[in-house]
Amino acid sequence: MREAGVTNVYQLGGGIPKYLEQNGYAHFHNKCFVFNERRAVDASVNSPGRSRDKAKAAQ
């Protein structure tokens, strides 16, 4: 994004899931946009509607 000229770009150390582990989920009511085939993930880093067990089985 910085290469596209956006100046206020920040990255959370460890990503959003790590931030939520450390600070709680109480204020997180959305999905994270990711730049791969998943497009958006919930706070547990699963594609919406996909459980962790199903995600592991798909690997």
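With our numbering, the residue at position 22 of the sequence shown is 457, and numbering never jumps.
All residues carry an ideal CB built from backbone N, CA and C; glycine is no exception.
How long is the line joining the alpha carbons of residue 467 and residue 451, rounded to whole angstroms? Position 32 of the sequence shown, counted from the start, is the residue given in the question as residue 467. Position 16 of the sequence shown, counted from the start, is the residue given in the question as residue 451. Each residue's alpha carbon lies about 8 Å from the other.
For the alpha helix (DSSP H) containing residue 454, name the first residue and the last one. Locating residue 454 in the sequence shown gives position 19, counting from the first residue. Residue 454 -> alpha helix (DSSP H) spans 450-458.
Go ahead and label residue 455 buried or exposed: buried means 16 or more other beta carbons lie within 10 angstroms of its beta carbon, across all protein chains shown. Locating residue 455 in the sequence shown gives position 20, counting from the first residue. Around the Cβ of residue 455, a 10 Å sphere holds 16 or more other Cβ atoms; the residue is buried.
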